[in-house]
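J.:
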Amino acid sequence: MDTQLYYAPCGFIITEPDGRIIEANEMISKILGEKSSELKQRHITSLLTVPSKLYFQTYFSPVISLYKKVEEMYLTLETSEGPVPVLMNAQERDEQFEYVFVKMKTRDDFENGLITAKRQVEKILEDTDYANGELQKLLAELESKREEITEANSRLENLAMIDPLTSVRNRRYYEEVLTQFLKRMEEESFVFSYLILDIDHFKKVNDEFGHPVGDQVLQDLAWKLEREIRKDDVLIRFGGEEFVILMSGIQDKLAVKIADRIRENIEISEWPHSPITISIGVSGVQKMDTKDSIFKRADEALYYSKKNGRNQVTLR
1 MDTQLYYAPC
11 GFIITEPDGR
21 IIEANEMISK
31 ILGEKSSELK
41 QRHITSLLTV
51 PSKLYFQTYF
61 SPVISLYKKV
71 EEMYLTLETS
81 EGPVPVLMNA
91 QERDEQFEYV
101 FVKMKTRDDF
111 ENGLITAKRQ
121 VEKILEDTDY
131 ANGELQKLLA
141 ELESKREEIT
151 EANSRLENLA
161 MIDPLTSVRN
171 RRYYEEVLTQ
181 FLKRMEEESF
191 VFSYLILDID
201 HFKKVNDEFG
211 HPVGDQVLQD
221 LAWKLEREIR
231 KDDVLIRFGG
241 EEFVILMSGI
251 QDKLAVKIAD
261 RIRENIEISE
271 WPHSPITISI
281 GVSGVQKMDT
291 KDSIFKRADE
301 ALYYSKKNGR
311 NQVTLR
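According to full-length UniProt numbering, the residues represented by the sequence shown are 1 to 316, in order.
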């Protein structure tokens with residue numbers, strides 16, 4: 001970041017497309033009450049209050065995907081001095097996202113709007129198909145040209161396959177991709193391995209530190225797992241604190257070695273509140289396998305890993 005941007009009279013942040021902060025200037029550090037170096041590698045949503053985080057996760061991705069920019073988004077930052085309302089503009093440039101934050105005076109109608117948005121989001125997240133329809137409706141209200149509706153629908157369909165908290169693929173996508181993998185196994189002798197993993201003692205994290213910290217742990221874990229797998233592998237948030245990894249072209253014995261490497265790297269990673277470990281169940285695809293049968297073997301392996309002491313890998 002050049003000197004002019006670093007000392008600009010407004011907050012300025014650069015992130016990766018997945019929301020990880022790369023750089024932050026002096027003004028945003030002053031607003032948040034944190035050093036620029038402490039902000040790096042955190043997720044952009046970790047700077048927001050819970051209502052603003054939900055609002056951001058619902059509206060930001062569809063708009064930035066369509067227009068490559070977001071204008072006049074009202075958010076509240078969680079700072080060392082308490083909540084601070086800001087006006088945010090953002091744009092996509094050179095495969096990175098740039099954000100500008102300008103402080104605002106507190107406004108009751110703005111806070112009430114965030115509360116209303118939070119309630120709407122909670123309702124939307126109850127059903128993915130309903131969420132897709134609501135997102136289409138909200139996006140249509142933002143569009144100024146009807147000829148863009150077809151493209152918007154396609155993008156919304158893709159959003160319906162993404163978990164809004166972690167930004168990885170969700171259970172709906174899992175059903176489709178596992179069906180494709182099994183079909184390829186029958187038609188092409190395609191091999192793959194199925195990994196299911198679970199955060200050890202995750203309830204303790206929520207109980208001791210609260211659900212916002214638990215959400216941050218899930219986001220951080222998803223980010224770390226994405227960097228452990230290959231481009232052809234598929235990472236899915238299966239539900240709660242469980243994730244599934246489909247390893248393309250990998251036999252079960254090699255999958256166990258990879259899984260153990262992942263387990264070890266998660267164990268030695270730095271975590272903001274308490275150490276995190278994972279248990280993993282592994283199963284290789286077998287002839288005549290179905291979605292239920294391969295899941296059952298991997299799930300049994302995961303159960304054994306947890307019952308046998310956690311923080312380990314089991315093959316079935």
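C-beta: ideal position from N, C-alpha, C; glycine also.
Helix, strand or coil for K296? Go by DSSP, reduced to three states.
T.: Within the sequence shown, numbered from 1, the residue matching residue 296 stands at position 296. DSSP places K296 in helix when its eight states are reduced to three.
J.: Tell me the residue span of the beta strand (DSSP E) that contains Y99.
T.: For the purposes of this step, residue 99 is taken as residue 99 along the sequence shown, with counting starting at 1. From DSSP, the beta strand (DSSP E) with Y99 extends over 96-103.
J.: With respect to the beta strand (DSSP E) encompassing F238, which residues constitute its N-terminal and C-terminal limits?
T.: As a position in the sequence shown, residue 238 is number 238, starting the count at 1. That run of the beta strand (DSSP E) goes 234-239.
J.: At a cut of 8 Å, does the segment 160-173 reach the segment 262-279 through at least three beta carbon pairs?
T.: no
J.: With DSSP collapsed to three states, give me the class of Q216.
T.: By 1-based counting over the sequence shown, the position of residue 216 is 216. Helix.
J.: Is DSSP giving Y59 helix, strand or coil here?
T.: Position 59 of the sequence shown holds residue 59. If DSSP states are grouped into helix, strand and coil, Y59 belongs with the helices.
J.: So, for K296: in the same chain, excluding its five sequence neighbours on each side, which residues have a beta-carbon less than 7 Å away from its beta-carbon?
T.: Taking the first residue of the sequence shown as position 1, residue 296 is located at position 296. Cβ neighbours of K296 beyond the five flanking positions: none.
J.: Determine the extent of the beta strand (DSSP E) in which E71 is found, giving its start and end residues.
T.: Indexing the sequence shown from 1 puts residue 71 at position 71. Here the beta strand (DSSP E) through E71 covers 69-79.
J.: What number of angstroms, rounded off, separates the C-alpha of D260 from the C-alpha of Y304?
T.: Taking the first residue of the sequence shown as 1, we reach residue 260 at position 260. Taking the first residue of the sequence shown as 1, we reach residue 304 at position 304. The straight-line gap from Cα to Cα measures roughly 15 Å.
J.: Please confirm whether F101 and T15 have their CB atoms less than 7 Å apart.
T.: For the purposes of this step, residue 101 is identified with residue 101 of the sequence shown, where counting begins at 1. For the purposes of this step, residue 15 is identified with residue 15 of the sequence shown, where counting begins at 1. No, the Cβ-Cβ distance between F101 and T15 is not below 7 Å.
J.: According to DSSP, is V191 part of a helix, a strand, or is it coil?
T.: Here the question's residue 191 lines up with position 191 in the sequence shown. Coil at V191, not helix or strand.
J.: Exposed or buried, which one is P85 when buried takes at least 16 other CB atoms within 10 Å?
T.: Locating residue 85 in the sequence shown gives position 85, counting from the first residue. Buried.
J.: For a test of the three-state rule: what should DSSP assign to G133, helix, strand or coil?
T.: For the purposes of this step, residue 133 is taken as residue 133 along the sequence shown, with counting starting at 1. The three-state secondary structure of G133, taken from DSSP, is helix.
J.: Whole angstroms is fine: what's the gap from E134's alpha carbon to S80's?
T.: The sequence position of residue 134 within the sequence shown is 134, counting from 1. The sequence position of residue 80 within the sequence shown is 80, counting from 1. Distance between E134 and S80, taken at the CA atoms: about 35 Å.
J.: According to DSSP, is H211 helix, strand or coil?
T.: Looking up residue 211 in the sequence shown gives position 211. In the structure shown, H211 sits in a helix (DSSP, three-state: H, G or I).
J.: Taking only runs of the alpha helix (DSSP H) that begin and end inside the segment 164-191, which ones reach a length of at least 4 residues, in chain order?
T.: Counting only runs of 4 or more, we get 171-188.
J.: Suppose you measure from the CA of V50 to the CA of V256; what does that come to, to the nearest Å?
T.: Looking up residue 50 in the sequence shown gives position 50. Looking up residue 256 in the sequence shown gives position 256. Approximately 38 Å between the Cα atoms of the pair.
J.: Give every residue of the same chain whose Cβ lies closer than 7 Å to the Cβ of R310, excluding the five residues on either side of it in the sequence, and list them in chain order.
T.: As a working note, residue 310 is residue 310 in the sequence shown. For R310, where only same-chain residues beyond five positions count, the Cβ hits under 7 Å are D200, T277, S279.
J.: Can you tell me where the alpha helix (DSSP H) with N89 in it begins and where it stops?
T.: The residue labelled residue 89 in the question sits at position 89 within the sequence shown. That residue, N89, is in no alpha helix (DSSP H); its beta strand (DSSP E) goes 82-93.
J.: Helix, strand or coil: which one does DSSP assign to D198?
T.: Against the sequence shown, residue 198 aligns to sequence position 198. In the structure shown, D198 sits in a strand (DSSP, three-state: E or B).
J.: Taking the C-alpha atoms as reference points, what is the distance between residue 350 and R227?
T.: This structure cannot speak to residue 350, because the chain is shown only from 1 to 316.
J.: Would you mind reading off the limits of the alpha helix (DSSP H) that contains S37?
T.: Position 37 of the sequence shown, counted from the first residue, corresponds to residue 37. Residues 36-39.
J.: Pull the bridge partners of M27 from the DSSP assignment, please.
T.: Sequence index remark: in the sequence shown, residue 27 carries index 27 (1-based). M27 is not bridged to any residue.
J.: Let me confirm a value: G11 is counted as buried when at least 16 other C-beta atoms fall within 10 Å, else exposed. Which label applies?
T.: Start at 1 with the first residue of the sequence shown, and residue 11 comes out as number 11. When all chains shown are included, G11 counts as buried.
J.: Quick check on the burial criterion: 16 or more other C-beta atoms within 10 angstroms. Buried or exposed for N308?
T.: Position 308 of the sequence shown, counted from the start, is the residue given in the question as residue 308. Flag for N308 reads exposed.
J.: For the beta strand (DSSP E) containing T314, list its first residue and its last residue.
T.: The sequence position of residue 314 within the sequence shown is 314, counting from 1. Note, T314: beta strand (DSSP E), 313-315.
J.: Rounded to the nearest angstrom, what separates E148 and M73 at their Cα positions?
T.: Walking along the sequence shown from the start, residue 148 turns up at place 148. Walking along the sequence shown from the start, residue 73 turns up at place 73. Approximately 22 Å, taken between the alpha carbons.
J.: Please report whether the beta-carbon of T76 lies at a distance below 7 Å from any beta-carbon of chain D.
T.: In summary, chain D is missing from the structure at hand, where a single protein chain is found.
J.: Assign R20 to one of three DSSP states: helix, strand, or coil.
T.: For this step, residue 20 is matched to residue 20 along the sequence shown. Strand, per DSSP.
J.: Roughly how many angstroms lie between the CA atoms of Y6 and D220, to the nearest whole one?
T.: For this step, residue 6 is matched to residue 6 along the sequence shown. For this step, residue 220 is matched to residue 220 along the sequence shown. Straight-line Cα distance between these residues: approximately 27 Å.
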